[in-house]
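Q: Protein sequences, first through last, are from chains A and B.
Basically this note's numbering = 1-based index in the first sequence + 23.
Basically this note's numbering = 1-based index in the second sequence + 13.
Here you go, one structure.
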Amino acid sequence: MAELGIDLPTFVAQLVSFLILMGALIFLGYHPIRKMLDERAERIKEGMAQAEASREEYVRVRMVVEEEISRAREEAQAIIAEAAQMGGKLKDEAKQEARKEAQAIIDRARKEMDQERAMSIDDLRKEFVETAVIIAGKVINETLDREKHRKLIEKALEESISFKRN
Amino acid sequence: MADKRKEKKKKRYCGCALSAMVILAVVFLALVVISFIGGNMGALILGTEPVSILAVHQPRPELPAEMPFSGLPITNTMITAWIGIVVMIVLFAVGARKMKLIPAGVQNLVETIYEVAANFIEDAAGKEYGRKFFAVCTTIFLFVLANAWINLIPGIESIKMNGVPLFRNANTDVNVPLMLAMVSFCYVEFWGFKAKGFKYITKFFNFGPLFQGLRQLFKGRLKIGLSGMAMGLIAIFVGILELLSEFIRIISFTFRLFGNMTAGSMLTLVIIFLIPWVVPVIFYGLEAFLGFIQAMIFGALTLCFLTMAVKEAEEESA
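The following block contains the structure:
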């Protein structure tokens, strides 16, 4: 034993040194490091949980947004369809109105034209009658009175008109 | 251009130009040859005196630790162990002083050491016991490693006081491996008793089967009684073997570390004596590896015996 160098004081001294090292390492090293690692693990766990929750929230919100977008799109489509329908209707109405107005204008114009024509014919007839009376009077030296003569011409004119119409 | 660059790259090895590598190799080889011929090895072969610059004193290793200070009962292994202890404490104190959530510098190093050790221990012993065994197993590992590696500082053993080396690998002092073996033994037994209670002692003194056999014998069941007694004797013998193996473990722990470290240390000294230049570097590398392996073995075996003591109790309770 002595040749190997085993001796109690050295053994005890080394034991004390080892225990001091262990105590110091536990107090100064192992505990703070363990604490930090646990804290870090906890933080990572929390972070992961938060990330997972955020992801789930994102998925949920995205679904809601997609639903909203889809609904809005459907509403927009409906509005567009309704607007198109209404536009068509208005267009048809406007067309109808315009057609009616045009017809009315045409009718009015036609009526005015007829009136003008009738008036012109009337005036022409009167003038013709006058002229005929004057000429006839001059020719026959007033053998017929003026009123009889007129009636006679008017009758002849009537007959000629009805003859033309037929 | 690219081809030329490739060619240039091809000619570089380990970040050095090929020519520089060749020059280095030649220089190292020349140094080896010079130190071989001019050193003690050449002198022994050629029967001449070694060149003064290469004349290393013949190593005279002493097994017991020496006391460099006359009158003071402080051995050189104690001084080395204290330096190792101070280095370890300072390293961990600095690394764990103002710990940040994102580690940097020394904190990174100590956290890496801690995590590697913790994972290793928890893998073997489980999370619950792993944390309890961590301090002892890791401290044993670090203590052995620090002692082994401090000795690798070039020239540390040549510093002398009163003709005695001031520093010496503490693992080469048999008191240190013995102390560590005793710590390991006591801790294993402590946990054996803690996990199993007083029943733990029946592992070594198992008289139960013998008494059962005797009881059967007294009841007149001769055959069952005799076989029970035989089983009882075998159980007692196994218990004695278990007890012996527990104590032999102290011896095996002690002399494994002591023998390996002493042999490694002596080998390095002898190589330095024979071929003082370049070649010892290889042995320094081997010594560093050996120190790590021995530290690992000591810590891992302690962990293994602790786990066995605890797991047996767990299995029985299950």
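Each residue gets a CB set at the ideal place from its N, CA and C atoms; glycine is no exception.
Given this structure, state the Cα-to-Cα distance separating G241 of chain B from I43 of chain A, to the nearest angstrom.
A: For the purposes of this step, residue 241 of chain B is taken as the residue at position 228 of the second sequence. For the purposes of this step, residue 43 of chain A is taken as the residue at position 20 of the first sequence. Cα to Cα, G241 of chain B sits roughly 51 Å from I43 of chain A.
Q: Are the C-beta atoms of G70 of chain A and some chain B residue less than 8 Å apart?
A: Residue numbering aside, residue 70 of chain A sits at position 47 when the first sequence is read from its first letter. Not one chain B Cβ lies under 8 Å of G70 of chain A.
Q: Taking 8 Å as the CB-CB limit, is E26 of chain A close to chain B?
A: Counting from 1 along the first sequence, the entry for residue 26 of chain A is found at position 3. Yes, contact with chain B.
Q: Would F34 of chain A and N188 of chain B be called neighbours here (beta carbons separated by less than 8 Å)?
A: In the first sequence, residue 34 of chain A corresponds to position 11, counting from 1. In the second sequence, residue 188 of chain B corresponds to position 175, counting from 1. Contact flag set, yes.
Q: What residues in its chain sit with their C-beta under 8 Å from that of E91 of chain A, if we drop five residues either side in the sequence?
A: Position 68 of the first sequence, counted from the start, is the residue given in the question as residue 91 of chain A. Cβ neighbours of E91 of chain A beyond the five flanking positions: none.
Q: Looking at chain A, is there any beta carbon in it that lies within less than 8 Å of the beta carbon of D186 of chain B?
A: Position 173 of the second sequence, counted from the start, is the residue given in the question as residue 186 of chain B. Residue contact check for D186 of chain B against chain A: a CB pair falls below 8 Å.
Q: Should T125 of chain B go down as buried or exposed, given a rule of 16 or more other Cβ atoms within 10 Å for buried?
A: Sequence index remark: in the second sequence, residue 125 of chain B carries index 112 (1-based). Answer is exposed; the Cβ neighbour count stays below 16.
Q: Between S93 of chain A and chain B, is there a C-beta pair that is closer than 8 Å?
A: Residue 93 of chain A sits at position 70 when you count from the first residue of the first sequence. For S93 of chain A, the answer is no, since every Cβ of chain B falls outside 8 Å of its Cβ.
Q: Quick check on G52 of chain B: buried or exposed, where buried means 16 or more other Cβ atoms within 10 Å of its Cβ?
A: Here residue 52 of chain B refers to the residue found at position 39 of the second sequence. G52 of chain B is buried by the Cβ-count criterion.
Q: Along the alpha helix (DSSP H) that carries P190 of chain B, what are the first and last residues, could you check?
A: Residue numbering aside, residue 190 of chain B sits at position 177 when the second sequence is read from its first letter. Note, P190 of chain B: alpha helix (DSSP H), N188 to K209.
Q: Check each candidate in B:A194, B:I58, B:A208 and B:I153 and name the one with the smallest Cα separation from M309 of chain B.
A: Here residue 309 of chain B refers to the residue found at position 296 of the second sequence. Nearest of B:A194, B:I58, B:A208 and B:I153 to M309 of chain B, Cα basis: B:I153.
Q: Tell me whether I336 of chain B is buried or exposed, calling it buried when 16 or more other Cβ atoms sit within 10 Å of its Cβ.
A: Outside the displayed span of chain B (14 to 331) sits residue 336 of chain B, for which this structure offers no information.
Q: With distances taken between CB atoms, is the gap from F49 of chain B to I288 of chain B smaller than 8 Å?
A: By 1-based counting over the second sequence, the position of residue 49 of chain B is 36. By 1-based counting over the second sequence, the position of residue 288 of chain B is 275. Contact flag set, yes.
Q: Could you tell me which of A:R169, A:I56 and A:L31 sits nearest to P86 of chain B, measuring between CA atoms?
A: Here residue 86 of chain B corresponds to residue number 73 of the second sequence, with the count starting at 1. That would be A:L31, whose Cα lies nearest to the Cα of P86 of chain B.
Q: Assuming G245 of chain B and L223 of chain B are in contact, meaning their beta carbons sit under 8 Å apart, how far apart are those beta carbons, in whole angstroms?
A: Translated into positions along the second sequence, residue 245 of chain B becomes position 232. Translated into positions along the second sequence, residue 223 of chain B becomes position 210. Indeed they touch by this definition, with Cβ atoms about 3 Å apart.
Q: What does the Cβ neighbour count give for H172 of chain A, buried or exposed, with the cut at 16 atoms within 10 Å?
A: If you number the first sequence from 1, residue 172 of chain A lands on position 149. Under this definition H172 of chain A is a buried residue.
Q: Out of A:R57, A:E177 and A:R63, which one is the CA nearest neighbour of I115 of chain B?
A: For the purposes of this step, residue 115 of chain B is identified with residue 102 of the second sequence, where counting begins at 1. Of A:R57, A:E177 and A:R63, the residue nearest in Cα terms is A:R63.
Q: Going by CA-CA distance only, name the one from B:P81, B:L316 and B:A276 that's closest to G304 of chain B.
A: Taking the first residue of the second sequence as position 1, residue 304 of chain B is located at position 291. G304 of chain B has its Cα closest to that of B:A276, out of B:P81, B:L316 and B:A276.
Q: With a 10 Å radius around its C-beta and 16 neighbouring C-beta atoms as the bar for buried, classify M45 of chain A as buried or exposed.
A: Within the first sequence, the letter at position 22 stands for residue 45 of chain A. Buried, since its Cβ has 16 or more Cβ neighbours within 10 Å.
Q: Looking at the strands, I want to know which residues DSSP matches up with V39 of chain A.
A: Counted from its first residue, the first sequence places residue 39 of chain A at position 16. BP columns for V39 of chain A are empty, so no partner.
Q: How many whole angstroms separate the CB atoms of A94 of chain B and N160 of chain B, which I take to be in contact at a CB cut-off of 8 Å?
A: Here residue 94 of chain B refers to the residue found at position 81 of the second sequence. Here residue 160 of chain B refers to the residue found at position 147 of the second sequence. Right, their Cβ atoms sit about 6 Å apart.
Q: Put M91 of chain B into one of helix, strand or coil per three-state DSSP.
A: In the second sequence, the residue the question calls residue 91 of chain B occupies position 78. Looking at M91 of chain B - three-state DSSP - the assignment turns out to be helix.
Q: Please compile the residues from chain B whose C-beta is within a distance smaller than 7 Å of the C-beta of Q73 of chain A.
A: The residue given as residue 73 of chain A occupies position 50 in the first sequence. Listed along chain B is no residue with a C-beta nearer than 7 Å to that of Q73 of chain A; the closest approach is about 16 Å.
Q: Are the C-beta atoms of I56 of chain A and some chain B residue less than 8 Å apart?
A: On the first sequence, residue 56 of chain A is found 33 positions in, with the first residue counted as 1. Interface residue, yes.
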